[in-house]
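See below for the structure under consideration.
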Amino acid sequence: MNIQTLKAIQTLIVIGVLIGTHFFTRNVVKSFLKKFRFTAQRRKLTIRIINLLLSITAIVFISAIWGVKQTDMVVFISSVMAVLGIAFVAQWSLLSNITAGLILFFNHPLKLGDHIKIIEKDFIIEGIVNDITFFFVHIKTENKERVSISNSIILQKTISIVPPQEESM
Numbered sequence: 001m002n003i004q005t006l007k008a009i010q011t012l013i014v015i016g017v018l019i020g021t022h023f024f025t026r027n028v029v030k031s032f033l034k035k036f037r038f039t040a041q042r043r044k045l046t047i048r049i050i051n052l053l054l055s056i057t058a059i060v061f062i063s064a065i066w067g068v069k070q071t072d073m074v075v076f077i078s079s080v081m082a083v084l085g086i087a088f089v090a091q092w093s094l095l096s097n098i099t100a101g102l103i104l105f106f107n108h109p110l111k112l113g114d115h116i117k118i119i120e121k122d123f124i125i126e127g128i129v130n131d132i133t134f135f136f137v138h139i140k141t142e143n144k145e146r147v148s149i150s151n152s153i154i155l156q157k158t159i160s161i162v163p164p165q166e167e168s169m
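The sequence shown: position 128 = 128 (full-length UniProt numbering), numbered continuously.
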């Protein structure tokens, strides 16, 4: 058997394991997060993040199979880490919205269905959180308007989450 054929078979095995792992982790994560009553949006985002990490792992294995030099891999990974580092600092970057979205997901009390007030200097945006994506938080106001605010702005502003008792007053 020639070396190229062996590498192709090993690559197919890695891809097969990746696909199997995707299905397995999706089912395990869904049942685990349902047990702890996470919202459907958070379950979906968690599965996306896990699938991304699994895909990156598969790419590393496939690169090793096909003989990519470790020094080349280190240069690539350090470049990606530099871009992510800039994303944490740069407020104008689209990457900052993605990282802010992850921060909102893991470490912010804001969730779908919450009635919130975003306190600005001159005006207040008030409504119900309709959707939280990688880039924007969508808010539905009392006038049925849909307001999209970038995730990095949400982290910078003062937000008041209105408890359900006050909402009915």
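All residues carry an ideal CB built from backbone N, CA and C; glycine is no exception. Fair warning: this is a prediction, and the values are worked out from it, not measured in the lab.
Can you tell me which of the three DSSP states residue i falls into?
i	result
S168	Because S168 sits at a pLDDT of 47, beneath the cut-off of 50, its placement in the model cannot be relied upon, and the point is left open.
N130	strand
V68	coil
V162	strand
Near residue i, what residues of its chain come up, given a Cβ to Cβ distance below 8 Å and the 5 sequence neighbours on each side ignored?
i	result
H22	N51, L54
K43	Contrary to the premise, residue 43 reads as Arg rather than Lys in this sequence. Cβ neighbours of R43 beyond the five flanking positions: V29, K30, L33, K34.
E120	K157
S63	M73
Could you spell out the range, first to last residue, of the alpha helix (DSSP H) harbouring residue i?
i	result
N151	151-156
By the DSSP assignment, the beta strand (DSSP E) with residue i in it spans what residues?
i	result
K7	Counting along the chain, K7 falls outside any beta strand (DSSP E), though it belongs to the alpha helix (DSSP H) covering 3-35.
K117	115-119
H138	136-140
Any heavy atom of the ligand FAD closer than 7 Å to the Cβ of residue i?
i	result
K117	Among the ligands in the structure shown, none appear at all, so the ligand FAD cannot be discussed.
In or out: residue i buried (at least 16 other Cβ within 10 Å) or exposed?
i	result
T141	exposed
I132	buried
I154	buried
residue 178	Here the chain covers residues 1 to 169 and nothing more, so residue 178 does not appear.
S79	exposed
T39	exposed
L104	buried
I56	exposed
T71	exposed
Are the Cβ atoms of residue i and residue j separated by less than 8 Å?
i	j	result
I124	G113	no
V14	F61	yes
L110	I159	yes
I116	I161	yes
A58	L18	yes
Residues in its own chain within less than 7 Å of residue i by CB, not counting five upstream and five downstream?
i	result
P163	none
K7	I65, W66
Return the chain-ordered list of same chain residues with a C-beta closer than 6 Å to the C-beta of residue i, the five sequence neighbours on each side being excluded.
i	result
F24	none
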